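Going line by line, the protein sequences match chains A and B. With numbering that gives the first Met the number 0 as the guide, the letters of the first sequence map in order to residues 0 to 313. With numbering that gives the first Met the number 0 as the guide, the letters of the second sequence map in order to residues 0 to 313. Every residue gets a Cβ at the ideal spot worked out from N, C-alpha and C, and that includes glycine. For clarity, every value in this text was computed on a predicted model and none was experimentally measured. Written out below as C-alpha cells is the structure these notes cover.
There are 2 protein chains.
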Amino acid sequence: MTEVEVFAPATVSNVGCGFDVLGFAIEGVGDRLSVTLRDQPGVEILSIEGAGGTIPRAPAHNTAGVAALTLLEGVGERNRGLSFRIHKGIAAGSGLGSSAASAVAAVLAADEILELELPSEQLLTFALEGERIASGGVLHADNVAPCLFGGFVAVRSLHPPDVVEIPVPRGLCCALVRPHIQIQTSESRALLGNAIPLSTAVHQWANVAGLVAGLFRDDWDLISRSLEDVVAEPVRGSQVPGFQEMKEAAIESGALGCSLSGSGPTVFALCRGPETAEAAADAMLEAVGKATGLAADRHTTTVGAGGARLLQVT
Amino acid sequence: MTEVEVFAPATVSNVGCGFDVLGFAIEGVGDRLSVTLRDQPGVEILSIEGAGGTIPRAPAHNTAGVAALTLLEGVGERNRGLSFRIHKGIAAGSGLGSSAASAVAAVLAADEILELELPSEQLLTFALEGERIASGGVLHADNVAPCLFGGFVAVRSLHPPDVVEIPVPRGLCCALVRPHIQIQTSESRALLGNAIPLSTAVHQWANVAGLVAGLFRDDWDLISRSLEDVVAEPVRGSQVPGFQEMKEAAIESGALGCSLSGSGPTVFALCRGPETAEAAADAMLEAVGKATGLAADRHTTTVGAGGARLLQVT
C-alpha cells in the first residue's frame with residue numbers, strides 16, 4: 000500500500016458530571032487524514048486544510064505529529080518516516096475534540112501503513128501524548144477514547160488504559176451549538192484550580208453513579224437529573240458568552256440536560272429523540288444570537304456514533 | 000394495634016470508591032425495635048439491650064429518638080407520644096450502620112403505629128435527622144437508604160432524596176471482619192479535611208463509573224478494578240489496626256476488593272460466590288489476630304439483602 004486515508008470523529012467530553020471521564024462520539028463531523036511513507040525518518044505534515052492556517056505544521060507542536068512521533072518511538076521504528084495531509088473538519092478550540100481527532104487519526108493511519116496491528120490500548124496511549132500538548136500537560140482521555148472506539152465511554156483509568164463502554168438508550172440524541180469564539184483547553188483548565196471541596200466531589204460522583212445507572216436502564220428522568228455538573232460548569236460557563244441563555248433555551252425545548260462540551264465554547268444538550276434535538280438546537284442558536292450577537296452554528300447527532308475508521312487504502 | 004416490632008438491617012456504606020454515596024444491606028445482622036403509644040407527648044426510650052449500656056437513652060441524644068421526634072414534628076403530630084424498646088444487634092461504632100438502623104427502625108415503627116402511611120422518601124428524610132447526630136452533622140444516606148430500601152443503592156441526592164437501586168451480579172457476596180475497637184464516625188470524618196485534589200476526585204468518579212457499569216453488566220473484573228478508594232481509605236485505613244494485613248489476606252483469598260465499611264473498624268471484602276467469601280473472612284480474621292492480637296468477629300452475607308421490615312403487629 001502507498002497511501003492510507005482515515006476518518007476520526009468529533010467527540011463530546013466532560014459529559015455533564017463526568018469531567019475528564021465521560022465522552023461520546025458524534026456523527027457527521029470529524030477530521031480526515033492521509034498518510035504516505037517517506038524516505039527520511041520522522042514525521043512531516045505536508046498540509047493542513049480547513050483550519051484557516053491556525054494550526055502549527057511543525058510535528059513537535061502538532062497533536063497528530065506528536066502522536067505519530069510517540070508511536071514511532073514507542074514501537075522502535077524511529078527510522079521510519081511518515082508524511083501526513085490533514086483535512087480538519089473540526090474547528091480548533093471548539094470543545095469538540097479537534098486535537099484528539101487529529102491525534103487518533105494519525106496513530107490509526109500510522110498503524111495501518113506500517114502494518115503494525117497494534118492493540119487499541121497502545122494506539123490510545125500514543126494518541127494521548129498528542130492530546131497532551133493541547134490540554135496544558137494534563138492527560139485526559141474522554142475525547143481520545145470515544146474518538147478511537149466510538150460509542151459512549153467512561154475512562155476508568157489511563158495507566159493502564161481502561162475504557163468502559165456505556166450503553167445508551169435508543170433515541171438518545173444531542174444538539175450542539177458552537178458560538179464562533181475559541182477557548183484554549185489549557186487556559187480553561189487552569190481556571191479550575193487544583194482542589195475542590197470534598198462535599199462538591201461527593202455531589203459529582205453521586206451524579207456519575209446516577210448517570211451511568213440511568214444510561215444502563217433507559218431511565219430518561221434519572222439521566223436528566225444526573226447530568227448536572229457542579230465542578231467545571233460553574234467555573235467555565237461564564238467563559239462562554241450566552242451559555243446560560245442557551246442552557247435555558249435547551250431545557251425549555253425539552254432537553255434532558257445541557258452543559259459545555261469539553262471546555263466549550265460548544266454547548267451540548269442531550270435530548271430524547273431527534274425532533275427534540277432539532278428543536279433544542281434551533282432554540283439554542285436563537286438564544287445565543289439574541290444574547291450576544293455572536294455568529295454560531297448548530298449540529299444534531301445521535302449519541303455514541305462510530306469511532307475512527309479507515310476510509311481507503313491505495 | 001398496641002405494639003409494633005420492626006427489624007432494620009446492618010449496612011455497608013462507603014463501598015470502595017463510593018464514599019457517602021454507595022451502600023448495601025447485609026443479611027443476618029440488624030436492630031430490632033418495638034414501639035407502643037404512650038399518653039404523654041414526645042418520645043421515650045424504655046430500654047436499650049445489646050449495647051452494653053453505651054448508647055444514651057435520652058431521646059434528643061439517641062438516633063432513634065431524634066428520628067422519631069423529627070417525624071412527629073414533621074407530620075404535625077407533636078402531641079402524640081411513643082415508647083420504644085431497642086434491641087441492638089449491631090455494635091455501635093462498628094462501621095455497619097448501627098445508628099442508621101436504629102433511626103430507620105424508629106421511623107418505620109412510628110409510621111406503622113400512628114397509621115401514617117408516609118412515602119418512603121419522607122421516612123428517609125426523618126431517619127437522616129437521627130443519623131445526623133452520629134456523623135458529626137454531615138448528612139450522608141449511604142447507610143440509611145440501603146437500610147430502609149434494602150439492596151445495593153446509590154444516593155444521588157439528599158435534597159430531595161433520590162436513591163437509585165443498582166443491580167448486583169448473582170453470587171456477589173461479602174466477607175466482614177470487625178476488630179473489637181470502636182471508631183466514632185464524627186472524628187473519622189474530621190480526618191478527611193474539607194478539600195481534595197481535583198485529580199484525586201476525578202480518579203474517584205472514574206472508579207464510580209466503572210463500578211456501577213461493572214455491577215450492571217456482571218463484569219467481575221471491572222468491579223474488582225473499580226472498587227479502589229483513593230479518597231477515604233488512604234486516610235482512614237491507618238486508623239484500623241491490621242487493616243492492610245486484612246486487605247492483603249482478602250485479596251490473596253480471591254476477593255474482588257477490600258476496604259473499610261463506613262469509617263471502620265469493620266473491613267469488608269466483596270467476593271464472587273459464598274465459598275470465596277468464607278475463605279476471605281477466615282483469612283482476614285486470622286490476619287488481624289496475627290498482626291494486632293485484637294479480638295475480632297466475622298460474618299459473611301450476600302450483597303444487597305432486604306431492607307427494614309415489620310416483624311409483628313399486636
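Q | Simplified DSSP assignment, three categories, for A:G75 | A | On the first sequence, position 76 is the one that residue 75 of chain A refers to. Coil, per DSSP.
(Q) By the three-class DSSP mapping on this structure, what secondary structure does A:C146 have? (A) Reading the first sequence from its first residue, position 147 is the one you call residue 146 of chain A. Three-state result, A:C146: helix.
(Q) Using a 10 Å radius around the Cβ and a threshold of 16 neighbouring Cβ atoms, would you call A:H298 buried or exposed? (A) Taking the first residue of the first sequence as position 1, residue 298 of chain A is located at position 299. A:H298 comes out buried.
**Q.** Integer-rounded CB distance, given that A:G41 should sit under 8 angstroms from A:G80
**A.** Start at 1 with the first residue of the first sequence, and residue 80 of chain A comes out as number 81. Start at 1 with the first residue of the first sequence, and residue 41 of chain A comes out as number 42. 6 angstroms between Cβ atoms; contact.
**Q.** Buried versus exposed, by CB contacts within 10 Å (16 or more), B:G27
**A.** Indexing the second sequence from 1 puts residue 27 of chain B at position 28. B:G27 comes out exposed.
(Q) What does the alpha-carbon distance come out to for the pair A:E120 and B:A66? (A) In the first sequence, residue 120 of chain A corresponds to position 121, counting from 1. In the second sequence, residue 66 of chain B corresponds to position 67, counting from 1. Near 51 angstroms, if we compare the C-alpha coordinates of B:A66 and A:E120.
Q) Once you ignore the five residues that flank B:A109 on each side, which residues in its own chain have a CB closer than 7 angstroms to its CB? A) Here residue 109 of chain B corresponds to residue number 110 of the second sequence, with the count starting at 1. Within the same chain, B:A109 has close Cβ partners V34, A67, L70 and L81.
(Q) Quick check: is the beta carbon of B:F215 nearer than 8 angstroms to any beta carbon in chain A? (A) In the second sequence, the residue the question calls residue 215 of chain B occupies position 216. Cβ-Cβ to chain A under 8 angstroms: yes for B:F215.
Q) Cβ atoms of B:G150 and B:A295: under 8 angstroms apart, would you say? A) Counting from 1 along the second sequence, the entry for residue 295 of chain B is found at position 296. Counting from 1 along the second sequence, the entry for residue 150 of chain B is found at position 151. Not a contact, by the Cβ cut-off of 8 angstroms.
Q | Residues sharing a beta bridge with B:T265, DSSP | A | Along the second sequence, one-based indexing puts residue 265 of chain B at 266. In the DSSP output, where bridge partners are listed per residue, B:T265 has none listed.
Q: For B:H179, I'd like the list of residues in its chain whose CB is within less than 7 angstroms of its CB, leaving aside the five on either flank, ordered along the chain.
A: Your numbering for residue 179 of chain B matches position 180 in the second sequence. L293, A294 and A295.
Q. Taking B:V11 as the reference, which of B:N78, B:N142, B:E116 and B:G92 has the closest Cα?
A. Start at 1 with the first residue of the second sequence, and residue 11 of chain B comes out as number 12. The option with the nearest alpha carbon to B:V11 is B:N142.
Q. Mind pulling the chain B residues with CB within less than 9 angstroms of A:G17?
A. Counting from 1 along the first sequence, the entry for residue 17 of chain A is found at position 18. Within chain B, the residues near A:G17 are W204, A205 and A208.
Q | Check whether A:A304 and A:P8 have beta carbons under 8 angstroms apart | A | Indexing the first sequence from 1 puts residue 304 of chain A at position 305. Indexing the first sequence from 1 puts residue 8 of chain A at position 9. Yes, the pair counts as a contact, with Cβ atoms nearer than the cut-off.
Q. In chain B, which residues lie with their C-beta within 7 angstroms of the C-beta of A:S156?
A. Along the first sequence, one-based indexing puts residue 156 of chain A at 157. Neighbours of A:S156 on chain B, chain order: A205.
**Q.** Distance CB(B:C146)-CB(B:L269) smaller than 8 angstroms
**A.** The sequence position of residue 146 of chain B within the second sequence is 147, counting from 1. The sequence position of residue 269 of chain B within the second sequence is 270, counting from 1. No, they are not a contact pair.
Q: Can you tell me the Cβ-Cβ gap for A:A140 and A:V154, rounded? I've got them flagged as a contact below 8 angstroms.
A: Taking the first residue of the first sequence as 1, we reach residue 140 of chain A at position 141. Taking the first residue of the first sequence as 1, we reach residue 154 of chain A at position 155. Sure, about 4 angstroms apart at Cβ, within 8 angstroms.
Q) Among residues of its own chain, excluding the 5 on either side of A:E128, which ones have a beta-carbon nearer than 7 angstroms to its beta-carbon? A) Counting from 1 along the first sequence, the entry for residue 128 of chain A is found at position 129. Cβ within range, chain order: V65, A66 and T69.
Q: Please say whether B:S198 and B:L210 have beta carbons closer to each other than 8 angstroms?
A: What you label residue 210 of chain B is simply residue 211 of the second sequence in a count that begins at 1. What you label residue 198 of chain B is simply residue 199 of the second sequence in a count that begins at 1. No, Cβ-Cβ distance for B:L210 and B:S198 is not below 8 angstroms.
Q: Rounded to whole angstroms, what's the CA-CA distance from B:F83 to B:R37? Just pull it up for me.
A: For the purposes of this step, residue 83 of chain B is identified with residue 84 of the second sequence, where counting begins at 1. For the purposes of this step, residue 37 of chain B is identified with residue 38 of the second sequence, where counting begins at 1. Cα to Cα, the separation comes out at about 10 angstroms.
**Q.** Contacting residues, own chain, Cβ-Cβ under 8 angstroms from A:P58 (five flanking each side not counted)
**A.** On the first sequence, position 59 is the one that residue 58 of chain A refers to. Around A:P58: G41, V42, E43, I44, G64, V65, A67 and L68.
Q) Nearest chain B C-beta to A:S260 closer than 8 angstroms, yes or no? A) In the first sequence, counting from the first residue as 1, residue 260 of chain A sits at position 261. Answer no: the Cβ-Cβ gap between A:S260 and chain B never drops below 8 angstroms.
(Q) Any beta carbon of chain D sitting closer than 8 angstroms to that of B:S33? (A) Judged by its chain identifiers, the structure shown contains no chain D, and its protein chains are A and B.
Q. Can the beta-carbon of A:M283 be found closer than 8 angstroms to that of A:A248?
A. Working through the first sequence from its first residue, we reach residue 283 of chain A at position 284. Working through the first sequence from its first residue, we reach residue 248 of chain A at position 249. For A:M283 and A:A248, yes; Cβs fall inside 8 angstroms.
(Q) So A:P196 contacts chain B; which residues on that side make the cut at Cβ distance below 7 angstroms? (A) The residue labelled residue 196 of chain A in the question sits at position 197 within the first sequence. Going along chain B in sequence order, the residues near A:P196 (Cβ under 7 angstroms) are N193 and A194.
**Q.** Candidates B:S260, B:L255, B:G272 and B:A279, of which the one nearest B:S97 by Cα
**A.** Your numbering for residue 97 of chain B matches position 98 in the second sequence. Ranking B:S260, B:L255, B:G272 and B:A279 by Cα distance to B:S97 puts B:S260 first.
Q. Tell me the DSSP bridge mates of A:V137?
A. Here the question's residue 137 of chain A lines up with position 138 in the first sequence. Its beta-bridge partners do not exist; DSSP assigns none.
Q | C-alpha gap between A:V106 and B:Q203, whole angstroms | A | As a working mapping, residue 106 of chain A is identified with position 107 in the first sequence. As a working mapping, residue 203 of chain B is identified with position 204 in the second sequence. Rounded to whole angstroms, A:V106 to B:Q203 spans 29 angstroms at the Cα level.
Q) When you compare only the Cα positions, how much space is there between B:Q333 and B:I85? A) Residue 333 of chain B is absent from the model: chain B starts at 0 and stops at 313.
Q) A:R224 touches chain B at which residues, Cβ-Cβ below 8 angstroms? A) Taking the first residue of the first sequence as 1, we reach residue 224 of chain A at position 225. Going along chain B in sequence order, the residues near A:R224 (Cβ under 8 angstroms) are R155, S156 and D161.
Q: Out of A:F6, A:T1, A:M0 and A:G15, state which residue places its alpha-carbon closest to the alpha-carbon of A:I326.
A: Because chain A is modelled from 0 through 313, residue 326 of chain A falls outside the range shown and cannot be assessed.
Q. Opposite A:C173 in the DSSP bridges: which residues?
A. Translated into positions along the first sequence, residue 173 of chain A becomes position 174. According to DSSP, which records beta bridges pairwise, A:C173 is partnered with A:L269 and A:T300.
(Q) Tell me which residue opens and which closes the alpha helix (DSSP H) that B:L32 is part of. (A) Counting from 1 along the second sequence, the entry for residue 32 of chain B is found at position 33. Element bounds for B:L32: not the alpha helix (DSSP H) but the beta strand (DSSP E), L21 to R37.
Q.
For A:S237 and A:S185, which I take to be in contact (beta-carbon distance under 8 angstroms), what is that distance rounded to the nearest angstrom?
A. As a working note, residue 237 of chain A is residue 238 in the first sequence. As a working note, residue 185 of chain A is residue 186 in the first sequence. The Cβ separation is near 18 angstroms, so there is no contact.
Q) Going straight from the alpha carbon of A:D161 to that of A:L190, what length do you get? A) Counting from 1 along the first sequence, the entry for residue 161 of chain A is found at position 162. Counting from 1 along the first sequence, the entry for residue 190 of chain A is found at position 191. Whole-angstrom Cα-Cα distance: 28 angstroms.
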